[in-house]
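S.K.:
In the numbering used here, the protein residues as written are 52 to 307.
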């Protein structure tokens, strides 16, 4: 059953998501700044590619827990996120001084790198790496989705499912696959979408996942993103049409 959200609830949800993203970004940078050299951890623990075998949301929750943050406080239910502003004062204080146990520091570093891979994939293709891999290994199979994941982060080769695909191609001498794989590993990354719309693209993915924009007119959606959240400019001849075109392109690239 689709829950019908009010305009106020949608805007509050978006504001809370943006607040959470900002807190995580500060935590991410702070942790890596204080983490020392990453190479010894990779040499000890291996690639973070296997972390792409789990959903991005699960990775985020586990990572926050190991960082000493409450995943439930940072990312409560959709209903709670739409009701009132998040009270994350204590979480922000903890983020300023992350308490990562020494034995977990290496794993957390790999998780941060994997999460960055997810964010890069969303920036480039409007899909997280696990979503791209789901498309790649669906019943129909989609090697192009796999190659997109590799473009976002070559470490995805450490994924168990990716290793199986490579092994299968090896057994049947699928040179076409390996030619395409080689191109994905060496080609220049495609031009990413405009940086200023990163937050909007991320929110559209989350809102669509929970069907929170169902029933709202394009004018109302424009009110959310242009007037209230200020994530799309209002200085063009027809900003509503421009926003509509952008959202449709985001959904098309996600296969929605």
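Even glycine gets a Cβ: it sits at the ideal position worked out from N, Cα and C. Quantities reported herein were computed from a predicted structural model and do not represent experimental measurements.
(1) Mind the definition here: the stretch 177-193 touches the stretch 89-107 only if three or more C-beta pairs lie below 8 Å; say whether that holds.
(2) Is the stretch 249-267 in contact with the stretch 213-226, if contact means three or more CB pairs nearer than 8 Å?
(3) When you compare each of 257, 189 and 159 to residue 67 by their alpha carbons, which one comes out closest?
(4) Can you tell me where the alpha helix (DSSP H) holding residue 260 begins and where it ends?
(5) Could you compute how far the alpha carbon of residue 231 sits from the alpha carbon of residue 172?
(6) So, residue 205 versus residue 161, is the Cβ gap smaller than 8 Å?
(7) Check for me: the alpha helix (DSSP H) holding residue 218 runs from which residue to which?
(8) Taking only three categories from DSSP, how would you classify residue 265?
(9) Can you tell me where the alpha helix (DSSP H) holding residue 94 begins and where it ends?
(10) Where does the unbroken alpha helix (DSSP H) through residue 167 begin, and where does it stop?
(11) On a Cα-Cα basis, can you pick out the residue from 304, 153, 61 and 194 that is closest to residue 233?
(12) Who are the Cβ neighbours of residue 183 in its own chain at under 8 Å, not counting the five residues just before and after it?
(13) Would you mind stating whether residue 166 and residue 111 have Cβ atoms separated by less than 8 Å?
(14) Mind reading off the beta-carbon distance from residue 273 to residue 290? Whole number of angstroms is fine, and I expect it under 8 Å.
(15) Please determine, among 249, 305 and 265, the residue with the shortest C-alpha to C-alpha distance to residue 69.
(16) Only counting the same chain, and skipping five residues up and downstream in sequence, which positions put a Cβ closer than 7 Å to that of residue 100?
(17) Using the Cα positions of residue 265 and residue 58, report the straight-line distance between them to the nearest angstrom.
(18) On the premise that residue 282 lies in contact with residue 251, defined as a C-beta separation below 8 Å, what is that separation, rounded to the nearest angstrom?
(19) Is DSSP giving residue 115 helix, strand or coil here?
(20) Please list, in chain order, all residues of the same chain as residue 62 whose beta carbon is under 8 Å from its beta carbon, the five residues on each side excluded.
M.R.: Short version:
(1) yes
(2) no
(3) Walking along the chain shown from the start, residue 67 turns up at place 16. The shortest C-alpha separation from residue 67 is found at 257.
(4) As a position in the chain shown, residue 260 is number 209, starting the count at 1. Looking at the DSSP string, the run of the alpha helix (DSSP H) that includes residue 260 is 249-260.
(5) Looking up residue 231 in the chain shown gives position 180. Looking up residue 172 in the chain shown gives position 121. Cα-Cα distance, rounded: 19 Å.
(6) Counting from one through the chain shown, the residue named residue 205 turns up at place 154. Counting from one through the chain shown, the residue named residue 161 turns up at place 110. Not in contact: residue 205 and residue 161 (Cβ atoms no closer than 8 Å).
(7) Residue numbering aside, residue 218 sits at position 167 when the chain shown is read from its first letter. Per DSSP, residue 218 belongs to the alpha helix (DSSP H) from 211-222.
(8) Taking the chain shown and counting its residues from 1, the one referred to as residue 265 is at position 214. Reduced to three states, the DSSP call for residue 265 is coil.
(9) As a position in the chain shown, residue 94 is number 43, starting the count at 1. Run containing residue 94: 90-96, per the alpha helix (DSSP H) assignment.
(10) Position 116 of the chain shown, counted from the first residue, corresponds to residue 167. Counting along the chain, the alpha helix (DSSP H) containing residue 167 begins and ends at 156-176.
(11) As a position in the chain shown, residue 233 is number 182, starting the count at 1. Closest option to residue 233, Cα to Cα, is 194.
(12) The count along the chain shown starts at 1 and reaches residue 183 at position 132. Closer than 8 Å at Cβ, skipping near neighbours: 172, 176, 196, 197, 199, 200 and 203.
(13) One-based indexing of the chain shown puts residue 166 at position 115. One-based indexing of the chain shown puts residue 111 at position 60. Contact: yes.
(14) Numbered from its first residue, the chain shown carries residue 273 at position 222. Numbered from its first residue, the chain shown carries residue 290 at position 239. About 7 Å; that satisfies the 8 Å criterion.
(15) Within the chain shown, numbered from 1, the residue matching residue 69 stands at position 18. Checking every option, the nearest Cα to that of residue 69 belongs to 249.
(16) Numbered from 1 along the chain shown, position 49 holds the residue referred to as residue 100. Cβ within range, chain order: 206, 207, 208, 209 and 210.
(17) Locating residue 265 in the chain shown gives position 214, where the first residue counts as 1. Locating residue 58 in the chain shown gives position 7, where the first residue counts as 1. One C-alpha to the other measures close to 11 Å.
(18) Numbered from 1 along the chain shown, position 200 holds the residue referred to as residue 251. Numbered from 1 along the chain shown, position 231 holds the residue referred to as residue 282. That pair is a contact at about 4 Å.
(19) Position 64 of the chain shown, counting from 1, holds the residue named residue 115. Residue 115: helix per DSSP, three-state reduction.
(20) Here residue 62 corresponds to residue number 11 of the chain shown, with the count starting at 1. Cβ within range, chain order: 275, 279 and 280.
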